[in-house]
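K.L.:
I have a structure here, written as structure tokens, and I will follow up with some questions on it.
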Amino acid sequence: MRPCGVFDETYEKDIAIVRTRGHWLLLIGSLLFLFILPLFAPYYLLNLTNNIFITVIVVLGLQIVTGCCGQISFGQPAFMAVGAFFSAVLTTKFGISFWIALPLSGIAAGLVGLIGGAPSLRIKGFYLAMGTIAIFYLTMWVITHLHITGGHQGLSVESPSIGSFVFDTDERIYYIILIITIILTFFARNLLRSRVGRVFVAIRDNDLAAEVMGVNTFYYKLLAFFISCFYAGIGGSLFCHWYTVVNSEQYTLIHGLNFIGMIIVGGLGSIPGVFFGVIFLRLLDELVLFGSPFLTELIPKLGIAPAASLGVMVFGLVLIIFLIFQPRGLAHTWEILKTSYRIYPYKN
Amino acid sequence: MVDFMQFAINGILVGGLYALVGVSIVLVFKATQVVSLAHGQLLAFGALFFWIFLDQLNFPVWVALLGTISLAALMGFITERFTIRPLIGESLFTAFLMTFSVFMFLDGFFQLYLSGQSRAYSPFLPEGTFNLSGVIISKGLLSSFTIAMLIFAALFAFFKFTRTGLQMRATSENHILAQSAGIGVKKVFTLIWIISSAVVAIGGIACANVMDIHYPLPYIGIKGLIVAMFGGLESIGGALLAGILLGLIENLSSGYLDGPLGGGVKDAAAYVILLLILIVKPYGLFGLKKIERI
Numbered sequence: 001m002r003p004c005g006v007f008d009e010t011y012e013k014d015i016a017i018v019r020t021r022g023h024w025l026l027l028i029g030s031l032l033f034l035f036i037l038p039l040f041a042p043y044y045l046l047n048l049t050n051n052i053f054i055t056v057i058v059v060l061g062l063q064i065v066t067g068c069c070g071q072i073s074f075g076q077p078a079f080m081a082v083g084a085f086f087s088a089v090l091t092t093k094f095g096i097s098f099w100i101a102l103p104l105s106g107i108a109a110g111l112v113g114l115i116g117g118a119p120s121l122r123i124k125g126f127y128l129a130m131g132t133i134a135i136f137y138l139t140m141w142v143i144t145h146l147h148i149t150g151g152h153q154g155l156s157v158e159s160p161s162i163g164s165f166v167f168d169t170d171e172r173i174y175y176i177i178l179i180i181t182i183i184l185t186f187f188a189r190n191l192l193r194s195r196v197g198r199v200f201v202a203i204r205d206n207d208l209a210a211e212v213m214g215v216n217t218f219y220y221k222l223l224a225f226f227i228s229c230f231y232a233g234i235g236g237s238l239f240c241h242w243y244t245v246v247n248s249e250q251y252t253l254i255h256g257l258n259f260i261g262m263i264i265v266g267g268l269g270s271i272p273g274v275f276f277g278v279i280f281l282r283l284l285d286e287l288v289l290f291g292s293p294f295l296t297e298l299i300p301k302l303g304i305a306p307a308a309s310l311g312v313m314v315f316g317l318v319l320i321i322f323l324i325f326q327p328r329g330l331a332h333t334w335e336i337l338k339t340s341y342r343i344y345p346y347k348n
Numbered sequence: 349m350v351d352f353m354q355f356a357i358n359g360i361l362v363g364g365l366y367a368l369v370g371v372s373i374v375l376v377f378k379a380t381q382v383v384s385l386a387h388g389q390l391l392a393f394g395a396l397f398f399w400i401f402l403d404q405l406n407f408p409v410w411v412a413l414l415g416t417i418s419l420a421a422l423m424g425f426i427t428e429r430f431t432i433r434p435l436i437g438e439s440l441f442t443a444f445l446m447t448f449s450v451f452m453f454l455d456g457f458f459q460l461y462l463s464g465q466s467r468a469y470s471p472f473l474p475e476g477t478f479n480l481s482g483v484i485i486s487k488g489l490l491s492s493f494t495i496a497m498l499i500f501a502a503l504f505a506f507f508k509f510t511r512t513g514l515q516m517r518a519t520s521e522n523h524i525l526a527q528s529a530g531i532g533v534k535k536v537f538t539l540i541w542i543i544s545s546a547v548v549a550i551g552g553i554a555c556a557n558v559m560d561i562h563y564p565l566p567y568i569g570i571k572g573l574i575v576a577m578f579g580g581l582e583s584i585g586g587a588l589l590a591g592i593l594l595g596l597i598e599n600l601s602s603g604y605l606d607g608p609l610g611g612g613v614k615d616a617a618a619y620v621i622l623l624l625i626l627i628v629k630p631y632g633l634f635g636l637k638k639i640e641r642i
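From first to last, the protein sequence lines are chains D and B. The first sequence runs 1 to 348 under my numbering. The second sequence runs 349 to 642 under my numbering.
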């Protein structure tokens, strides 16, 4: 956000993520706010924030593979599940500390993701989307049929700890989730500015043209899948240590569809879009959850608990509206706002 | 051997129903190049409308069937007119996401109406079973299969012998050429959505007759997608063959492997097939291989 008349004078300024002093103030202020949030936030809000941050991590991964590299994946929850179960098994069965299990579970999910990305050698677009649905089902089938993962019952997991300090409440684990979200967001933001990120965008826009330009498309597609699934694995691992219980019911295809919806609403290929999309749809969910009892009073025929189905309905409707009227998502609206601020008092 | 025959025959009969779902997706793809996820919901709603007409309003079977087909056709029309039509000119991928959004939207209504219960039809097809030298065949399944085959025959005839069918085939070849030959491409789009919704609604009734109306019913649409991709997205005959093959493989593998592997093999088999198809022959058995240009 720069007002009219502020220009970059050096190369360092041009490539900086944080551009002006106002930016720095805003950034530090909002980070400070996020760090002191648990001091005054009620339990409910904190729970929601934790959930939003974990979803942000997973959807950031999806944004990299789908939004930037153009390889649509419905299988994200399966990779989350791989991360969650891997981390759960490592900590409970082998007694490995959470801090080692966390990155390992990301890598494990990434490696499974390489299998998920392998069909992208020959297929793309909608065909690949179906392939990832297949990968999703097969992964979940394997997870529920292994002994070490506790089958359908799943496992109960311990909260992470440093020494005798146990991160067992929402406030305590909030800090772990927050810090990891910040690191991963920063990484994703920078990745997309780098050579690799530009290759991803080239593959998305036209993979044949990218290949003719000398890009090893298969390698980069697999890399995108690996990074995306690494994010999913980290998200899954955090989720299972936060809930202290992991089972296959937590990871369904509906979640995968929801994640795709989030990047559509947020805007394909944009990192701020991930935040917009996740927060928008999560708040919408909460709104439906709060609103549905009143709706049931108004129209008693709706039944006892219409929240879940109303949520799905509203989600679908929002997606339809976005696809027709703003297919580039909230991030595009944000860009328009920024530009009109920049060129004020002129109009574009 | 009796076991094998039993599994195989059941598989073929169920496969006929899958083929019906698959072919409705193929129809839409052939004409509009849009792969539709929404058909899962159109199927579920077809089954639901029939249940309402037959069991709630106590209409005779034929009236209920006609009412279901016209309502399903109306739904297909609305879907095309208000969600797919505004996207003409956008990328096909957006259209795919749109059908997915429609799926979610309708999913909410479906869940709301069912509210966690399952509904079964009062019997309207011949009931009971007959025994063919040890192999037990359910009459209900057999009559569903027969209906499916009749619809396939009707579709073949429609595309082969009618003027509208010819227009549709022309449109599926090339939109611009079809338009310049005086075919109303938009009209063809609408018509194909209507026909395909009607077909998938009948498929839904046949499926629900075998497995009741309960929540996972819309996900048969994904089975339909697998069938469509297995047979090749452009081929009606391919969908028929692929549907039957899929039913066969599913039933055989679940019959023999469910015990040793601990259940759930049926769905897993379908997805293994899908993955193998995608890796070995991405455009399906009879699909057209697309050559891309930059």
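Just so you know, even glycine gets a beta-carbon here, dropped at the ideal spot from N, CA and C.
With 8 Å as the limit, tell me which residues of the region 413-430 of chain B have their beta carbon closer than that to any beta carbon of chain D; keep them in chain order.
P.N.:
The region 413-430 of chain B vs chain D, Cβ under 8 Å: nothing.
K.L.:
At a Cβ threshold of 7 Å, is Met-446(B) touching chain D?
P.N.:
Position 98 of the second sequence holds residue 446(B). Judged by the 7 Å Cβ criterion, Met-446(B) is in contact with chain D.
K.L.:
Would Met-262(D) pass as an interface residue toward chain B - the criterion being a Cβ-Cβ separation below 7 Å?
P.N.:
Locating residue 262(D) in the first sequence gives position 262, where the first residue counts as 1. Not one chain B Cβ lies under 7 Å of Met-262(D).
K.L.:
Kindly indicate which residue of Gly-22(D), Arg-122(D), Leu-46(D) has the alpha-carbon position closest to the one of Val-628(B).
P.N.:
To locate residue 628(B), count along the second sequence from 1; it is residue 280. Of Gly-22(D), Arg-122(D), Leu-46(D), the residue nearest in Cα terms is Arg-122(D).
K.L.:
Anything in the region 360-379 of chain B with a Cβ closer than 9 Å to a Cβ of chain D? List those residues in chain order, please.
P.N.:
Of all residues in the region 360-379 of chain B, none has a Cβ within less than 9 Å of some Cβ in chain D.
K.L.:
I need the straight-line Cα distance from Ile-357(B) to Met-130(D), nearest angstrom please.
P.N.:
In the second sequence, counting from the first residue as 1, residue 357(B) sits at position 9. In the first sequence, counting from the first residue as 1, residue 130(D) sits at position 130. Near 28 Å, if we compare the C-alpha coordinates of Met-130(D) and Ile-357(B).
K.L.:
Could you confirm whether any beta carbon from chain D is found closer than 7 Å to the beta carbon of Glu-521(B)?
P.N.:
What you label residue 521(B) is simply residue 173 of the second sequence in a count that begins at 1. Taking Cβ atoms only, chain D never reaches closer than 7 Å to Glu-521(B), which makes this a no.
K.L.:
For Thr-20(D), which residues from the same chain have a beta carbon less than 7 Å from its beta carbon, with the 5 sequence-adjacent residues on both sides left out?
P.N.:
The count along the first sequence starts at 1 and reaches residue 20(D) at position 20. Only Arg-2, Val-6 meet the Cβ criterion.
K.L.:
Please report whether the beta-carbon of Tyr-251(D) lies at a distance below 7 Å from any beta-carbon of chain B.
P.N.:
Here residue 251(D) corresponds to residue number 251 of the first sequence, with the count starting at 1. Judged by the 7 Å Cβ criterion, Tyr-251(D) is not in contact with chain B.
K.L.:
Can you tell which of Phe-472(B), Arg-429(B), Pro-408(B), Phe-457(B) has its C-alpha closest to the C-alpha of Asn-557(B)?
P.N.:
Here the question's residue 557(B) lines up with position 209 in the second sequence. The option with the nearest alpha carbon to Asn-557(B) is Phe-472(B).
K.L.:
Following the continuous alpha helix (DSSP H) through Thr-416(B), name the residue where it begins and the one where it ends.
P.N.:
Walking along the second sequence from the start, residue 416(B) turns up at place 68. Unbroken alpha helix (DSSP H) run through Thr-416(B): 409-427.
K.L.:
Beta-carbon of Val-112(D) versus every beta-carbon of chain B: anything under 7 Å?
P.N.:
Start at 1 with the first residue of the first sequence, and residue 112(D) comes out as number 112. No, Val-112(D) does not count as interfacial toward chain B.
K.L.:
According to DSSP, simplified to helix, strand and coil, what is Ser-159(D)?
P.N.:
As a position in the first sequence, residue 159(D) is number 159, starting the count at 1. In this structure, Ser-159(D) counts as coil in the three-state DSSP scheme.
K.L.:
Of all the CB atoms in chain D, is at least one closer than 7 Å to the CB of Met-452(B)?
P.N.:
Reading the second sequence from its first residue, position 104 is the one you call residue 452(B). For Met-452(B), the answer is yes, since a Cβ of chain D falls inside 7 Å of its Cβ.
K.L.:
Just grab the DSSP bridge partners of Ile-561(B) for me.
P.N.:
As a first step, residue 561(B) is located in the second sequence; it is residue number 213 there, counting from the start. Per DSSP, Arg-467(B).
K.L.:
Rounded to the nearest angstrom, what separates Val-58(D) and Val-274(D) at their Cα positions?
P.N.:
Taking the first residue of the first sequence as 1, we reach residue 58(D) at position 58. Taking the first residue of the first sequence as 1, we reach residue 274(D) at position 274. Cα-Cα distance, rounded: 10 Å.
K.L.:
Just to confirm the assignment: which complete alpha helix (DSSP H) runs, minimum length 4, are found wholly within the region 295-334 of chain D?
P.N.:
The qualifying runs are 307-325.
K.L.:
Identify, in the order they occur along the chain, each residue of the same chain with its Cβ nearer than 8 Å to the Cβ of Ile-64(D), setting aside the five sequence neighbours on each side.
P.N.:
Working through the first sequence from its first residue, we reach residue 64(D) at position 64. Same-chain partners within the cutoff: Ala-188, Leu-191, Leu-192, Phe-200, Ala-224, Ile-227, Ser-228, Tyr-231.
K.L.:
Comparing the C-beta of Pro-564(B) with each C-beta of chain D, is any distance below 7 Å?
P.N.:
Residue mapping note: residue 564(B) aligns to position 216 of the second sequence, counting from 1. For Pro-564(B), the answer is no, since every Cβ of chain D falls outside 7 Å of its Cβ.
K.L.:
Which residue comes first and which comes last in the alpha helix (DSSP H) that contains Val-483(B)?
P.N.:
Within the second sequence, the letter at position 135 stands for residue 483(B). That residue, Val-483(B), is in no alpha helix (DSSP H); its beta strand (DSSP E) goes 483-486.
K.L.:
Measuring straight from C-alpha to C-alpha, what distance separates Phe-276(D) and Phe-259(D)?
P.N.:
To locate residue 276(D), count along the first sequence from 1; it is residue 276. To locate residue 259(D), count along the first sequence from 1; it is residue 259. Whole-angstrom Cα-Cα distance: 12 Å.
K.L.:
Answer yes or no: does any C-beta atom of chain D fall closer than 7 Å to that of Gln-459(B)?
P.N.:
For the purposes of this step, residue 459(B) is taken as the residue at position 111 of the second sequence. Yes, Gln-459(B) lies at the interface with chain D (some Cβ there is under 7 Å from its Cβ).
K.L.:
Once DSSP output is grouped into helix, strand and coil, what is the label at Asn-258(D)?
P.N.:
One-based indexing of the first sequence puts residue 258(D) at position 258. Helix.
K.L.:
Counting only beta-carbon atoms, is Leu-490(B) nearer than 7 Å to chain D?
P.N.:
As a first step, residue 490(B) is located in the second sequence; it is residue number 142 there, counting from the start. No, its Cβ sits nowhere closer than 7 Å to a Cβ of chain D.
K.L.:
Could you name the residues of the same chain whose beta carbon sits closer than 6 Å to that of Val-166(D), not counting the 5 residues immediately before and after it, in chain order?
P.N.:
Sequence index remark: in the first sequence, residue 166(D) carries index 166 (1-based). Contacts found: Ser-159.
K.L.:
Any beta-carbon of chain B closer than 7 Å to the one on Pro-119(D)?
P.N.:
Indexing the first sequence from 1 puts residue 119(D) at position 119. Pro-119(D) counts as touching chain B.
K.L.:
So, does the CB of Trp-141(D) fall closer than 7 Å to a CB anywhere in chain B?
P.N.:
Translated into the one-based positions of the first sequence, residue 141(D) becomes position 141. Interface residue, yes.
K.L.:
List, in order along the chain, the chain D residues whose C-beta lies closer than 8 Å to that of Phe-441(B)?
P.N.:
Mapped onto the second sequence, residue 441(B) falls at position 93. What Phe-441(B) touches in chain D: Ile-72, Gly-125, Phe-126.
K.L.:
Between which two residues does the beta strand (DSSP E) carrying Asn-479(B) extend?
P.N.:
By one-based count along the second sequence, residue 479(B) stands at place 131. Its beta strand (DSSP E) spans residues 477-480.
K.L.:
Assign Val-166(D) to one of three DSSP states: helix, strand, or coil.
P.N.:
Indexing the first sequence from 1 puts residue 166(D) at position 166. The answer is strand: DSSP assigns Val-166(D) an E or B state.
K.L.:
Check whether the region 570-579 of chain B and the region 457-465 of chain B touch, using three or more Cβ-Cβ pairs below 8 Å as the test.
P.N.:
No contact exists between the region 570-579 of chain B and the region 457-465 of chain B.
K.L.:
Return the first residue and the last residue of the alpha helix (DSSP H) that Arg-195(D) is part of.
P.N.:
What you label residue 195(D) is simply residue 195 of the first sequence in a count that begins at 1. Here the alpha helix (DSSP H) through Arg-195(D) covers 195-205.
K.L.:
Shortest alpha-carbon distance to Gly-67(D) belongs to which of Gly-235(D), Tyr-341(D), Ala-41(D), Ala-202(D)?
P.N.:
Working through the first sequence from its first residue, we reach residue 67(D) at position 67. Residue Ala-202(D) is the option with its Cα nearest to Gly-67(D).
K.L.:
Ordered along the chain, which non-local residues of its own chain (more than five positions away) have a Cβ less than 8 Å from that of Leu-323(D)?
P.N.:
Working through the first sequence from its first residue, we reach residue 323(D) at position 323. Around Leu-323(D): Ile-264.
K.L.:
Hey, out of Asn-599(B), Leu-489(B), Gly-482(B), whose CA is closest to Pro-474(B)'s CA?
P.N.:
Here residue 474(B) refers to the residue found at position 126 when the second sequence is read from its first residue. When each option's Cα is compared against that of Pro-474(B), the closest is Leu-489(B).
K.L.:
Under the rule that 16 or more other beta-carbon atoms within 10 Å means buried, what is Arg-204(D), buried or exposed?
P.N.:
As a working note, residue 204(D) is residue 204 in the first sequence. By the neighbour-count rule (16 or more Cβ atoms within 10 Å), Arg-204(D) is buried.
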